[in-house]
Amino acid sequence: MAAAEQSQTDAEKKQLSDKIREGMTKYSAMQEAKQWPEAIALLTDLQKQAAPDTFDAFIVNYVKGQVYLTIDQQNAAIEPLETALRISDLHGFFDSKEEQKVLKFLYQLYYGAGSAKGTPVAKQEQAFIKSGEYAKRLIDEEREAHALNTDDVLFYAYLQLQRAQVNPEKIDQTLLKQAQKLSEEGLVLSINPNPQFYRLLLSTVLAEGDYPRAAEILEFLLKKDPTKKDDWTQLNAIYLNLGAEDKGDKQKAFDYNVRTILSFKRAQDHGFLKTSKDNFGLAATYYNIGQVEAAADLLSTDLKNGSIDSDQKYWTYAAQWYQQVDQQLKAIDVIKEAAKHFPNSGEFDYMAATNYYALEKYDDALQQARLAATKGLGEKTWQAWSFLAYTAFEVRKYDEALEAVTKALSYPDSKKDKQLPTFKEAVEKAIKDRNAQTEALNQKAKQQ
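Numbering that gives the first Met the number 0 puts the sequence shown at residues 0 to 447.
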C-alpha cells in the first residue's frame, strides 16, 4: 500500500500545471513549423510562469535547452540544461538513460565553450573544470551500472591531460596521473581497445619524462601499424636521447644506441627516415657505439650515392673517421672524391696531403699541399704554405721550401707557429750548404 501511494505521489510530481501544459501545446505547433525564434520567446515566458524547482520548470528548461542545441546555439543551451538537471536531482525526474544523455551534453558543451578561440585562460579553465565534473559524474554512474562507455572515459582522460599541460613549465602531476589512470582503464574495457587510449597513455608518460615506457608503447603501436611515419620519428628520437642521456652507464647507452640503429633500419624498410638528416643520424649512431669504420663506410657510401647531402662537413667527418681507425687510404679516397665536389676549396687537398705524409708518400703529399696552398684555407691558408714548406724540405726541394715558408710567414697568424722562423733559417742554411757543395763540386771538376 505504501509503495502504491509513493508511486502515485511520484506520478503527481510529474504532472504539468494547466497553464504550462497549454503553453507547451503552443510550443509543439511552433516546433512542427520550425519557428525557433518564436519557440524560444514562448519558452522564456513559460520559464517565468513556472514555479521554481517544479516539474513545470524542469520540462520548460529541458525543452528550451534542446531547442538551443537544435539551432546550434551551444553556449545558450548550458543554462537551461543545467537547471533541468538540478531540478531532476531534487526530484528524480530524469530516468538513468536521459540523465546520462544530459550529462554528456553538458560536458561537451562546457568543453566547447572553453575551447572556443579567444577564450581567456581563466574562463577556459573554469569551463574545463565544469566539463570535467560532468564527465566524472557520468563515468561514475556508468561504472556503478557496469556499463562504462569508452568514449566518455577517453574524453575525460584527454581533458585531464589537457588541463595538466596548460602550463608546460609546471605540469599538474595530479591531473597527469588521473589522465594516465583513465587511459590505462580504457585499455582494459574491451578486447580491442580504442588506439587513442594508447596515444593518450603515450602523451602522459612523455609528459612525466618516462621515456623508456614511451618507447615500449611506441614499439607496441608500430607492431600493430608500422605505417605511421610520426611514430617511427618519435621512437627514433627517444632512443637517440636515451642513448645520449645514459653516458654514465656505458652498457645502457650502448643498448639504446643499438636500438636506435635497429629502429632506423626498420623504419627505412617501411619507407621512412630516409632523409639526408636521417641517414647521417644513422651513421653517427654507429660512430657513437664505437663502430667507427662501419660509420665511415656508411657515411661515405651515402655521400657518394646522394643519400646524404654533399655537405663539406659530412665529407670531413667521413675522412676523419677513417683516420681514427688508421684507414688512411680510405680516408684519401673520400678526400679526393670530396675535392671534386668542392673544387675551389683547399681543405680536402690539405687533408689528403697530411694523410699522404703520414704514409710517407712525400711526393703525393707535396702535390696535394701545392693544391691546398694555391686554393687557400681561408684564415688558415698560412698553414697550407707552412705544410708545403715542410714537405718540400722533406724531399729536399729547398728552393720551393724557402718560397713556401716565406709565403707562410707573410700571414700575421703564422706567428702562432713559434718554430716557423727557425725553420726558415734551417731552409736557408740547407740552400747555402747545397750551393756551397755544388760550388765545390764545380771547382773540383774544373781542376780536373
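Glycine included, each C-beta is placed from N, C-alpha and C at the ideal position.
Computed from a predicted structure; not experimentally measured.
Nearest-angstrom beta carbon gap, residue j and residue i [assumed within contact, 8 Å]
i	j	result
Ala371	Ala383	4 Å
Tyr106	Ser87	At roughly 16 Å, the Cβ-Cβ gap does not stay under 8 Å, so Tyr106 and Ser87 are not in contact.
Leu89	Val101	Not really, about 15 Å apart at Cβ, beyond 8 Å.
Thr405	Lys423	7 Å
Ala206	Gln164	6 Å
Ala317	Val291	With 8 Å as the limit, Ala317 and Val291 do not qualify as a contact, their Cβ atoms being about 11 Å apart.
Ile19	Leu42	Not really, about 10 Å apart at Cβ, beyond 8 Å.
Gly117	Ala126	Not confirmed; about 13 Å, so no contact.
Pro51	Lys63	So it is not a contact: roughly 15 Å between Cβ atoms.
Leu158	Ala134	7 Å
Ile241	Pro211	Residue identity differs from the one stated: residue 241 is Leu in this sequence, not Ile. So it is a contact: roughly 7 Å between Cβ atoms.
Asn343	Lys374	6 Å
Ile70	Trp35	5 Å
Val394	Leu358	14 Å between Cβ atoms; not a contact.
Glu346	Leu376	6 Å
Spatially closest choice to residue i from the options, by CA coordinates
i	options	result
Asp55	Ser27, Phe104, Met23	Met23
Thr421	Ala407, Asn256, Asn434	Ala407
Asp151	Lys329, Gly117, Tyr110, Pro167	Tyr110
Thr149	Ser413, Gln195, Asn235, Gln159	Gln195
Leu239	Ser409, Ala252, Gln73	Ala252
Ala146	Arg162, Lys96, Thr173	Lys96
Gln418	Gln446, Thr274, Ser385, Ala403	Ser385
Ala243	Ala439, Asn256, Asn235, Trp231	Asn256
Ile170	Leu199, Tyr197, Thr203, Leu188	Thr203
Lys335	Leu201, Ala351, Asn235	Ala351
Arg448	Ala400, Ile128, Glu81	Because residue 448 is not part of the residues shown, which for the chain are 0 to 447, the question remains open.
Lys273	Ala294, Leu261, Ile307, Ala295	Ile307
Leu108	Asp94, Val324, Gln65	Gln65
Gln172	Leu188, Lys415, Gly208	Gly208
Ala144	Gln99, Phe104, Arg162	Gln99
Ser413	Glu168, Lys25, Gly270, Glu378	Glu378
Lys276	Ser309, Asp254, His269, Leu261	Ser309
Gly91	Leu261, Asn74, Lys12	Lys12
Asp296	Gln323, Asp94, Phe93	Gln323
Cα-Cα separation between residue i and residue j, rounded to whole angstroms
i	j	result
Lys453	Gln367	Residue 453 is absent from the structure shown; the chain starts at 0 and stops at 447.
Thr380	Lys431	28 Å
Asp398	Val426	8 Å
Ser6	Asp17	Any reading at Ser6 is ruled out, since the residue's pLDDT is 48, under 50, leaving its predicted position unreliable.
Ile190	Tyr155	21 Å
Leu453	Arg142	Because the chain is modelled from 0 through 447, residue 453 falls outside the range shown and cannot be assessed.
Ala40	Ile237	59 Å
Phe392	Lys360	14 Å
Ala28	Glu132	36 Å
Ile77	Asn166	28 Å
Gln14	Ala115	39 Å
Thr390	Tyr356	8 Å
Gln48	Asn60	12 Å
Lys329	Tyr321	6 Å
Asp248	Arg258	16 Å
Ala294	Gly305	16 Å
Asp230	Asn193	17 Å
Ala1	Glu37	Because the pLDDT of Ala1 is 47, which lies under 50, any placement of that residue in the model is unreliable, and the number read from its coordinates should be weighed accordingly. Each residue's alpha carbon lies about 45 Å from the other.
Phe341	Leu220	44 Å
Ile216	Arg198	9 Å
Ala435	Asp348	35 Å
Glu31	Ile128	37 Å
Leu281	Ala338	24 Å
Gln454	Gln250	Absent from the structure is residue 454, since the part of the chain shown begins at 0 and ends at 447.
Lys25	Tyr67	18 Å
Leu440	Ile331	42 Å
Proximity test, residue i beta-carbon vs the ligand COA heavy atom, cut-off 7 Å
i	result
Lys63	By its list of ligands, the structure shown contains no ligand whatsoever, and the ligand COA lies outside what it can speak to.
Evaluate contact between the region 115-126 and the region 134-143, counting only Cβ atoms and requiring at least three cross-stretch pairs below 8 Å.
No, because fewer than three Cβ pairs between the region 115-126 and the region 134-143 fall closer than 8 Å, the two stretches do not touch.
Could you say if the region 184-193 and the region 223-230 meet the contact criterion of at least three C-beta pairs nearer than 8 Å?
Contact between the region 184-193 and the region 223-230 is absent, with fewer than three C-beta pairs closer than 8 Å.
Pairing CB atoms from the region 267-287 with CB atoms from the region 300-317, are three or more of them under 8 Å?
With the rule of 3 Cβ pairs closer than 8 Å, the region 267-287 counts as touching the region 300-317.
Give a yes or no on contact between the region 298-311 and the region 262-269, applying the rule of three or more CB pairs nearer than 8 Å.
Three or more Cβ pairs closer than 8 Å define a contact, and the region 298-311 falls short of that threshold against the region 262-269.
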